[in-house]
Amino acid sequence: MTYLSHLATRLGMSMGLTTGIGVIDHEPVLNVIPLVWQGQPRRKAMTVGCRYDRRTGAWWFYRYDTGEAIAPANELVIAAHTITATIEETPT
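Under our numbering, the first residue of the sequence shown carries the number 6, and numbering increases by one thereafter.
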């Protein structure tokens, strides 16, 4: 939960995004939701989870829908950039 909260704070610095902590299957997740401005195309939201990877011995952010790794949880700048870039590329 702490890593997700720190990521939410980091993403909150980005214009055009809002975040909210939720729970899916008893697991905390961070919903990253792009704001819609008049005249701009809609973009798809992303749900981010955080889990421990035994191979690397570290916590990682991952896409909840695909299971794809995003970045190590202690790399907030990289994670925020990757999430923002993915949202920008993904129309609804």
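Glycine residues also receive a C-beta, built at the ideal position from the N, C-alpha and C atoms. Every value quoted in this text rests on a predicted model; they were computed, and no experiment measured them.
- Per DSSP, the unbroken beta strand (DSSP E) holding LEU35 starts and ends at 32-39.
- Collapsing the DSSP output to three states places TYR67 in a strand.
- Taking 8 Å as the cut-off, the Cβ atoms of LEU22 and LEU40 count as close.
- Contact annotation: ILE92 and VAL37 have beta-carbon atoms nearer than 8 Å.
- Here ALA78 really is in contact with TRP65; their C-beta atoms are around 6 Å apart, less than 8 Å.
- DSSP places ARG56 in the uninterrupted beta strand (DSSP E) bounded by 51-58.
- Boundaries of the alpha helix (DSSP H) harbouring THR91: 81-94, taken from the DSSP string.
- Only residues of its own chain outside the window of five on either side were considered, and among them TRP64 have a CB closer than 6 Å to the CB of TYR57, listed in chain order.
- About 13 Å separates the beta carbons of TYR69 and ILE26, which is beyond the 8 Å limit, so they are not a contact pair.
- Annotation for ALA13: no beta strand (DSSP E) segment contains it, though the alpha helix (DSSP H) segment containing it runs 7-16.
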